[in-house]
Amino acid sequence: MPRRGLILHTRTHWLPLGLALLCSLVLFMYLLECAPQTDGNASLPGVVGENYGKEYYQALLQEQEEHYQTRATSLKRQIAQLKQELQEMSEKMRSLQERKNVGANGIGYQSNKEQAPSDLLEFLHSQIDKAEVSIGAKLPSEYGVIPFESFTLMKVFQLEMGLTRHPEEKPVRKDKRDELVEVIEAGLEVINNPDEDDEQEDEEGPLGEKLIFNENDFVEGYYRTERDKGTQYELFFKKADLMEYRHVTLFRPFGPLMKVKSEMIDITRSIINIIVPLAERTEAFVQFMQNFRDVCIHQDKKIHLTVVYFGKEGLSKVKSILESVTSESNFHNYTLVSLNEEFNRGRGLNVGARAWDKGEVLMFFCDVDIYFSAEFLNSCRLNAEPGKKVFYPVVFSLYNPAIVYANQEVPPPVEQQLVHKKDSGFWRDFGFGMTCQYRSDFLTIGGFDMEVKGWGGEDVHLYRKYLHSDLIVIRTPVPGLFHLWHEKRCADELPPEQYRMCIQSKAMNEASHSHLGMLVFREEIETHLHKQAYRTNSEAVG
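Take 1 as the starting number for the sequence shown in the UniProt record's numbering and just add one per residue.
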């Protein structure tokens with residue numbers, strides 16, 4: 001009996017200790033699960049990262065708790081709005097039923113059953129009419145725009161990233177993945193089984209069979225959600241052996257998907273006039289022309305180039321570069337306009353647009369630091385329509401390669417830098433300089449404001465003009481458009497607001513948040529590493 005009591009006493013003694021160890025293990029696993037994933041490039045090459053302390057995890061948990069509380073509040077608000085709309089619909093259907101029953105003589109119930117679905121469809125179509133799908137909405141400023149996010153079969157290109165999301169991601173969340181799969185399947189159903197009112201003709205394959213599209217024919221898509229109306233989807237499909245694109249617009253008015261339209265788009269004869277304002281910077285122009293030769297001359301072959309050059313210095317060099325391209329590639333579709341005055345981007349684009357004298361044309365306002373792909377040029381054609389739509393793509397801006405690739409003797413070639421990663425660049429969602437629009441729309445809207453001098457402001461003024469008009473503004477990140485890093489100089493003579501914008505842009509262009517932080521704390525990190533090395537050597541000698 002004493003032996004059994006001793007065993008019981010021993011178990012009772014170790015039980016609290018075992019529970020404490022178990023709780024510690026659970027807490028440790030929870031902290032590991034909550035810790036954010038970090039990119040492999042999160043620190044400078046050669047620098048060993050420090051372990052996260054208790055304060056870090058407490059701050060992280062508090063931040064996530066605030067995030068979920070904000071999200072919950074937003075969802076409650078949306079649910080309340082939906083309940084109110086459903087209540088209004090129920091009251092409307094109840095009043096209709098009462099009116100039917102007044103003089104129906106036994107057929108009121110059946111009639112109302114037939115009326116209810118039509119009322120619901122009427123409501124859903126009213127949501128489409130309210131949304132900015134068929135006609136542009138007049139907005140007070142650029143902050144009122146709801147941008148699109150773009151996607152392919154495998155990836156989503158998103159603007160809103162926070163600290164854990166990336167500029168290019170696979171749709172990891174099941175609901176988002178299922179949503180995009182459903183949308184693509186619905187688009188294929190619309191194309192393969194068209195209604196009588198669809199603007200497309202049945203096509204036949206090489207053997208006379210009906211042409212059937214599948215998911216491999218999906219090229220790209222855009223989507224955006226208006227919180228009080230629904231989600232809009234723009235889908236583009238193309239057979240590899242055909243020139244025409246199929247465009248399907250879908251809308252989900254917080255209910256089942258509804259077709260808005262289906263049409264065929266022929267871009268085979270759509271010429272793009274690329275207009276580039278330039279002053280000096282001849283080395284950058286050499287690099288631009290290399291990209292232009294590869295994409296526009298050898299691949300696209302439906303491009304006209306307009307260069308508006310300011311000043312005399314470097315003009316002969318630019319002429320020589322253009323003549324060299326002409327002799328090598330037999331390319332003559334370019335115009336060089338010389339202005340002996342101070343550089344003004346808005347003035348240059350205005351002059352370039354008016355230099356075209358062959359009627360209507362699609363224009364791409366470009367800079368010498370831009371790198372674009374052939375796929376982007378097709379996106380430009382697909383998303384601009386005279387009198388209807390203008391295209392404002394969001395450029396992916398690359399960071400300073402000397403910082404991004406500090407662990408290499410020299411940065412890799414430009415083509416190898418064109419990746420969508422947090423530490424390589426960012427979506428330049430505050431920039432409005434790169435745009436595709438038809439010449440008639442540009443002239444109708446009044447072009448650039450010539451009163452704006454210096455850096456940046458003229459682009460925003462033109463963008464706001466379109467927001468105040470009835471045209472639809474397509475604003476979305478595109479994977480085939482990059483802004484190459486170059487050193488930026490903010491002139492002292494700029495007004496305070498423009499100077500602040502220039503400095504802000506300069507700071508954002510240098511490096512990612514993590515890389516800038518590592519540079520700021522470089523001295524502290526090196527001191528820590530020296531101490532670690534000294535301690536290791538001392539232990540080895542001892």
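Beta carbons are placed, not taken as given, at the ideal position from N, Cα and C, and that holds for glycine.
For D441, which residues in the same chain have their Cβ closer than 7 Å to its Cβ, ignoring the five residues on either side in sequence?
Taking the sequence shown and counting its residues from 1, one reaches residue 441 at position 441. The answer, listed in chain order, is P386, G387, V390 and L471.
Given 7 Å as the limit, tell me if L86 has its C-beta closer than that to any heavy atom belonging to the ligand SAM.
This structure lacks the ligand SAM; in fact it carries no ligand of any kind.
Could I get the ranges of all uninterrupted beta strand (DSSP E) runs contained in the stretch 202-284, with 3 residues as the minimum, in chain order?
218-226, 230-237, 245-252, 258-265 and 272-278
Rounding to the nearest angstrom, what Cα-Cα distance links L250 and E458 in this structure?
For this step, residue 250 is matched to residue 250 along the sequence shown. For this step, residue 458 is matched to residue 458 along the sequence shown. Distance between the alpha carbons of L250 and E458 is about 34 Å.
How would you write the range of the alpha helix (DSSP H) that I297 sits in, first residue to last?
Counted from its first residue, the sequence shown places residue 297 at position 297. Unbroken run through I297: none, as it is neither H nor E.
Quick one: what does DSSP say C366 is sitting in, helix, strand or coil?
One-based indexing of the sequence shown puts residue 366 at position 366. Coil, per DSSP.
According to DSSP, simplified to helix, strand and coil, what is H468?
As a first step, residue 468 is located in the sequence shown; it is residue number 468 there, counting from the start. Of the three classes helix, strand and coil, the one that applies to H468 here is coil, per DSSP.
Enumerate in chain order the residues of its own chain whose CB-to-CB distance from I191 is below 7 Å, with the five nearest sequence positions on each side excluded.
Locating residue 191 in the sequence shown gives position 191, where the first residue counts as 1. F213, F237, R246, V248 and S262, listed in sequence order.
Between which two residues does the alpha helix (DSSP H) harbouring P401 extend?
Position 401 of the sequence shown, counted from the first residue, corresponds to residue 401. Its alpha helix (DSSP H) spans residues P401 to V404.
Quick one: using the 10 Å Cβ neighbour count with 16 as the cut-off for buried, is D423 buried or exposed?
Looking up residue 423 in the sequence shown gives position 423. Classification for D423: buried.
From the DSSP output, in three-state form, read off G425 for me.
Taking the sequence shown and counting its residues from 1, one reaches residue 425 at position 425. In this structure, G425 counts as strand in the three-state DSSP scheme.
With DSSP collapsed to three states, give me the class of E539.
As a working note, residue 539 is residue 539 in the sequence shown. In this structure, E539 counts as helix in the three-state DSSP scheme.
Does the Cβ-Cβ distance between Y392 and Y463 come in under 8 Å?
Locating residue 392 in the sequence shown gives position 392, counting from the first residue. Locating residue 463 in the sequence shown gives position 463, counting from the first residue. Their beta carbons are under 8 Å apart, which means Y392 touches Y463 by this criterion.
Out of curiosity, what's the CA-to-CA distance linking G5 and I525?
Within the sequence shown, the letter at position 5 stands for residue 5. Within the sequence shown, the letter at position 525 stands for residue 525. Because the pLDDT at G5 is just 44, under 50, the model does not fix this residue reliably, and the value given afterwards should be weighed accordingly. For G5 and I525, the distance between alpha carbons rounds to 58 Å.
Please work out which residues of its chain come closer than 7 Å, Cβ to Cβ, to F376, disregarding the five sequence neighbours upstream and downstream, and give them in chain order.
Within the sequence shown, the letter at position 376 stands for residue 376. Taken in chain order, the residues that qualify are V478, G480 and L481.
Considering only the beta carbon of each residue, do L257 and A186 sit closer than 8 Å?
Start at 1 with the first residue of the sequence shown, and residue 257 comes out as number 257. Start at 1 with the first residue of the sequence shown, and residue 186 comes out as number 186. Taking 8 Å as the Cβ cut-off, L257 and A186 qualify as a contacting pair.
In whole angstroms, what separates the C-alpha of M501 from that of Y143?
The residue labelled residue 501 in the question sits at position 501 within the sequence shown. The residue labelled residue 143 in the question sits at position 143 within the sequence shown. For M501 and Y143, the distance between alpha carbons rounds to 16 Å.
For M289, count neighbouring Cβ atoms within 10 angstroms of its own Cβ and tell me buried if that reaches 16, exposed if not.
Numbered from its first residue, the sequence shown carries residue 289 at position 289. Buried.
Do three or more CB pairs link the stretch 346-364 to the stretch 398-408 at distances below 8 Å?
no
By the 10 Å Cβ neighbour count, where 16 or more other Cβ atoms means buried, how is I79 classified, buried or exposed?
Position 79 of the sequence shown holds residue 79. That one is exposed.
Just how far apart, CA to CA, sit P411 and Q417?
On the sequence shown, position 411 is the one that residue 411 refers to. On the sequence shown, position 417 is the one that residue 417 refers to. Going by the C-alpha atoms only, they are around 8 Å apart.
Option in Q504, T476 and I503 with minimal Cα separation from E160
Along the sequence shown, read from residue 1 onward, the residue named residue 160 stands at position 160. Nearest C-alpha to E160: T476.
Closest to A284 by C-alpha separation, out of G136, E209, L86 and W485, would be which residue?
Taking the first residue of the sequence shown as 1, we reach residue 284 at position 284. If we check each option's Cα against that of A284, W485 comes out closest.
Backbone CA spacing between Y233 and C436 [nearest angstrom]:
The sequence position of residue 233 within the sequence shown is 233, counting from 1. The sequence position of residue 436 within the sequence shown is 436, counting from 1. Taking the straight line from one Cα to the other gives about 20 Å.
Across the stretch 442-450 and the stretch 134-153, are there enough close Cβ pairs to call them in contact, namely three or more that are closer than 8 Å?
no
Can you check which of these residues, Q408, G431, R381 and N378, is closest to S397 by C-alpha distance?
In the sequence shown, counting from the first residue as 1, residue 397 sits at position 397. Nearest C-alpha to S397: G431.
Among the residues of its own chain, which have a CB less than 6 Å from the CB of K239, if the five just before and after it don't count?
Taking the sequence shown and counting its residues from 1, the one referred to as residue 239 is at position 239. Excluding positions up to five away in sequence, the list reads D217.
Can you have a look at D367 and say buried or exposed, based on whether 16 or more other CB atoms are within 10 angstroms of its CB?
The residue you call residue 367 lines up with position 367 of the sequence shown. It is buried - the Cβ of D367 has at least 16 other Cβ atoms within 10 Å.
Assuming contact is defined by CB atoms lying nearer than 8 Å, are T306 and T282 in contact in what I supplied?
As a working mapping, residue 306 is identified with position 306 in the sequence shown. As a working mapping, residue 282 is identified with position 282 in the sequence shown. Cβ atoms of T306 and T282: not closer than 8 Å.
S329, enclosing alpha helix (DSSP H) - first and last residue
Your numbering for residue 329 matches position 329 in the sequence shown. Here the alpha helix (DSSP H) through S329 covers L315 to S329.
Endpoints, beta strand (DSSP E) assigned at H304
Numbered from 1 along the sequence shown, position 304 holds the residue referred to as residue 304. Residues I303 to F310.
Quick one: Cα of M93 to Cα of L121, how far?
Here the question's residue 93 lines up with position 93 in the sequence shown. Here the question's residue 121 lines up with position 121 in the sequence shown. Going from the Cα of M93 to the Cα of L121 covers about 13 Å.
I need the DSSP call for G106, collapsed to helix, strand or coil.
Stepping through the sequence shown from its first residue, residue 106 is reached at position 106. With a pLDDT of only 36 at G106, under 50, the local geometry of the prediction cannot be trusted, and no value is derived from it.
Neighbour-count burial assignment, E220, 16 or more Cβ in a 10 Å radius
What you label residue 220 is simply residue 220 of the sequence shown in a count that begins at 1. Buried.
N193: buried (16+ other C-beta within 10 angstroms of its C-beta) or exposed?
Indexing the sequence shown from 1 puts residue 193 at position 193. Exposed: under 16 other Cβ atoms inside 10 Å.
Helix or strand or just coil, what does DSSP make of G49?
Residue numbering aside, residue 49 sits at position 49 when the sequence shown is read from its first letter. Because the pLDDT of G49 is 42, which lies under 50, any placement of that residue in the model is unreliable, and the number read from its coordinates should be weighed accordingly. Looking at G49 - three-state DSSP - the assignment turns out to be coil, as it is neither helix nor strand.
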